[in-house]
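Here the structure is laid out as C-alpha coordinates; the discussion comes afterwards.
In my numbering, the protein residues as written are 15 to 159.
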(Lines of atoms letter the chains of each structure in order from A and count residues from 1; the text may use other names and numbers.)
(Lines give C-alpha, C1' and ligand atoms only; values in the text may rest on other atoms or scores of the structure.)
Protein backbone atom coordinates (compact mmCIF):
# COMPACT_ATOMS: atom_id res chain seq x y z
CA UNK A 1 0.00 0.00 0.00
CA UNK A 2 1.36 3.39 -0.90
CA UNK A 3 1.83 6.14 1.66
CA UNK A 4 -0.65 8.49 -0.05
CA UNK A 5 -3.35 5.81 -0.04
CA UNK A 6 -2.78 5.11 3.67
CA UNK A 7 -2.84 8.85 4.40
CA UNK A 8 -6.11 9.21 2.50
CA UNK A 9 -7.70 6.35 4.44
CA UNK A 10 -6.47 7.76 7.77
CA UNK A 11 -7.90 11.17 6.87
CA UNK A 12 -11.33 9.69 6.13
CA UNK A 13 -11.40 7.47 9.23
CA UNK A 14 -9.63 9.63 11.79
CA UNK A 15 -10.01 13.13 10.41
CA UNK A 16 -7.39 15.74 9.70
CA UNK A 17 -5.34 17.82 12.10
CA UNK A 18 -4.96 20.97 10.03
CA UNK A 19 -7.39 23.66 9.01
CA UNK A 20 -8.10 24.25 5.34
CA UNK A 21 -7.70 27.68 3.76
CA UNK A 22 -11.50 27.97 3.75
CA UNK A 23 -11.81 27.14 7.47
CA UNK A 24 -9.00 29.56 8.30
CA UNK A 25 -10.81 32.30 6.34
CA UNK A 26 -14.07 31.63 8.17
CA UNK A 27 -12.51 31.55 11.64
CA UNK A 28 -10.50 34.67 10.86
CA UNK A 29 -13.64 36.54 9.78
CA UNK A 30 -15.35 35.60 13.05
CA UNK A 31 -12.32 36.71 15.07
CA UNK A 32 -12.28 40.11 13.35
CA UNK A 33 -15.89 40.76 14.44
CA UNK A 34 -15.31 39.86 18.09
CA UNK A 35 -14.16 42.34 20.74
CA UNK A 36 -10.44 41.93 21.47
CA UNK A 37 -10.81 39.84 24.65
CA UNK A 38 -13.21 37.39 23.00
CA UNK A 39 -11.12 37.43 19.81
CA UNK A 40 -8.03 36.46 21.77
CA UNK A 41 -9.94 33.60 23.39
CA UNK A 42 -11.31 32.55 19.98
CA UNK A 43 -7.79 32.49 18.52
CA UNK A 44 -6.60 30.28 21.39
CA UNK A 45 -9.56 27.92 20.86
CA UNK A 46 -8.71 27.55 17.19
CA UNK A 47 -5.00 27.02 17.94
CA UNK A 48 -5.59 23.97 20.18
CA UNK A 49 -7.79 22.05 17.72
CA UNK A 50 -6.03 18.77 16.97
CA UNK A 51 -8.75 16.73 15.24
CA UNK A 52 -10.99 17.78 12.39
CA UNK A 53 -13.80 15.67 10.99
CA UNK A 54 -15.13 16.64 7.57
CA UNK A 55 -18.35 14.84 6.73
CA UNK A 56 -18.55 12.94 3.43
CA UNK A 57 -21.53 15.07 2.28
CA UNK A 58 -19.12 18.06 2.44
CA UNK A 59 -21.64 20.17 4.38
CA UNK A 60 -20.33 19.94 7.94
CA UNK A 61 -16.99 20.04 9.71
CA UNK A 62 -16.49 19.32 13.42
CA UNK A 63 -13.48 20.42 15.47
CA UNK A 64 -12.06 18.69 18.55
CA UNK A 65 -9.29 18.70 21.07
CA UNK A 66 -8.39 15.07 21.77
CA UNK A 67 -6.25 14.10 24.76
CA UNK A 68 -5.83 10.57 26.03
CA UNK A 69 -8.17 9.29 23.33
CA UNK A 70 -11.07 11.46 24.52
CA UNK A 71 -12.54 14.82 23.63
CA UNK A 72 -10.95 17.19 26.13
CA UNK A 73 -11.32 20.88 25.33
CA UNK A 74 -9.33 23.01 27.83
CA UNK A 75 -11.89 24.66 30.14
CA UNK A 76 -9.71 27.75 30.59
CA UNK A 77 -10.21 28.51 26.88
CA UNK A 78 -14.00 28.25 26.95
CA UNK A 79 -16.57 31.02 26.85
CA UNK A 80 -18.79 31.37 29.92
CA UNK A 81 -21.87 30.49 27.83
CA UNK A 82 -21.96 26.67 27.85
CA UNK A 83 -25.02 25.73 25.83
CA UNK A 84 -25.06 25.25 22.06
CA UNK A 85 -25.20 28.51 20.12
CA UNK A 86 -24.60 29.84 16.65
CA UNK A 87 -21.87 32.42 17.02
CA UNK A 88 -21.74 33.63 13.41
CA UNK A 89 -22.93 33.38 9.84
CA UNK A 90 -20.19 33.81 7.27
CA UNK A 91 -20.85 34.43 3.58
CA UNK A 92 -18.16 33.72 1.03
CA UNK A 93 -18.18 34.80 -2.62
CA UNK A 94 -15.75 33.61 -5.24
CA UNK A 95 -13.90 36.54 -6.77
CA UNK A 96 -14.51 35.00 -10.20
CA UNK A 97 -18.26 35.27 -9.55
CA UNK A 98 -18.74 31.54 -10.04
CA UNK A 99 -20.20 30.59 -6.67
CA UNK A 100 -21.21 31.62 -3.16
CA UNK A 101 -21.18 29.71 0.11
CA UNK A 102 -22.90 30.31 3.45
CA UNK A 103 -21.31 28.93 6.61
CA UNK A 104 -22.85 28.81 10.08
CA UNK A 105 -20.33 28.60 12.91
CA UNK A 106 -21.46 26.83 16.10
CA UNK A 107 -20.14 26.62 19.63
CA UNK A 108 -20.92 23.82 22.10
CA UNK A 109 -19.91 23.64 25.77
CA UNK A 110 -18.28 27.05 25.55
CA UNK A 111 -16.01 26.48 22.55
CA UNK A 112 -15.99 26.37 18.77
CA UNK A 113 -17.40 23.06 17.59
CA UNK A 114 -18.58 23.09 13.99
CA UNK A 115 -19.10 24.80 10.68
CA UNK A 116 -22.27 23.88 8.80
CA UNK A 117 -22.62 24.77 5.13
CA UNK A 118 -25.70 25.17 2.93
CA UNK A 119 -23.94 23.47 0.02
CA UNK A 120 -20.73 21.49 -0.51
CA UNK A 121 -17.62 23.28 0.72
CA UNK A 122 -15.51 21.21 -1.70
CA UNK A 123 -17.58 22.42 -4.70
CA UNK A 124 -17.08 25.99 -3.50
CA UNK A 125 -13.32 25.51 -3.09
CA UNK A 126 -13.00 23.97 -6.58
CA UNK A 127 -15.04 26.67 -8.29
CA UNK A 128 -13.57 29.59 -6.32
CA UNK A 129 -10.04 28.34 -7.04
CA UNK A 130 -8.79 29.59 -3.65
CA UNK A 131 -9.83 33.19 -4.29
CA UNK A 132 -12.81 34.57 -2.37
CA UNK A 133 -14.20 37.40 -0.29
CA UNK A 134 -15.65 36.92 3.18
CA UNK A 135 -18.28 38.76 5.19
CA UNK A 136 -19.32 37.83 8.71
CA UNK A 137 -22.28 38.57 10.94
CA UNK A 138 -22.12 37.73 14.65
CA UNK A 139 -25.36 35.97 15.61
CA UNK A 140 -25.28 36.19 19.39
CA UNK A 141 -25.40 38.96 21.96
CA UNK A 142 -21.71 39.20 22.82
CA UNK A 143 -22.58 40.25 26.38
CA UNK A 144 -23.83 36.69 26.96
CA UNK A 145 -20.73 34.91 25.66
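Built from N, CA and C at the ideal position, the CB exists for glycine as well.
- Message: Taking 6 angstroms as the limit between beta carbons, can you name the residues of its chain near residue 93, skipping five residues before and five after?
- Response: The answer, listed in chain order, is 124, 159.
- Task: Could you check how far apart the C-beta atoms of residue 103 and residue 153 are, in whole angstroms? I think they sit under 8 angstroms.
- Result: Beta-carbon to beta-carbon, residue 103 and residue 153 are separated by about 6 angstroms, close enough to satisfy the 8 angstroms threshold.
- Residues of its chain near residue 98, where Cβ-Cβ distance is below 6 angstroms and the 5 sequence neighbours each way are ignored: Leaving aside the five residues that flank residue 98 on each side, the residues in its chain whose CB is nearer than 6 angstroms to its CB run, in chain order, 122.
- Message: Considering Cα atoms alone, identify which of 142, 157, 115 is closest to residue 74.
- Response: The option with the nearest alpha carbon to residue 74 is 115.
- Could you tell me the boundaries of the alpha helix (DSSP H) in which residue 136 lies? Residues 135-142.
- Task: Output the boundary residues of the alpha helix (DSSP H) element that contains residue 115.
- Result: Taken as a continuous stretch (DSSP letters only), residue 115 belongs to no alpha helix (DSSP H), being part of the beta strand (DSSP E) at 114-122.
- What are the boundary residues of the beta strand (DSSP E) that includes residue 130? Its beta strand (DSSP E) spans residues 125-131.
- Message: Please classify residue 43 as buried or exposed, where buried requires at least 16 other C-beta atoms within 10 Å of its C-beta.
- Response: Here residue 43 is buried: its Cβ has 16 or more other Cβ atoms, across all protein chains shown, within 10 Å.
- Query: Ordered along the chain, which non-local residues of its own chain (more than five positions away) have a Cβ less than 6 angstroms from that of residue 117?
  - Reply: Take residue 117, set aside five residues on each side of it, and the residues of its chain with a beta-carbon closer than 6 angstroms to its own are 40, 104, 129, 131, in chain order.
- Item | Assigned exposure category for residue 59 - 16 Cβ within 10 Å defines buried | That one is buried.
- Range covered by the beta strand (DSSP E) that runs through residue 35: For residue 35, there is no enclosing beta strand (DSSP E); the residue is part of the alpha helix (DSSP H) that begins and ends at 35-47.
- Buried or exposed: residue 81, going by 16 or more other Cβ atoms within 10 Å of its Cβ? Under this definition residue 81 is an exposed residue.
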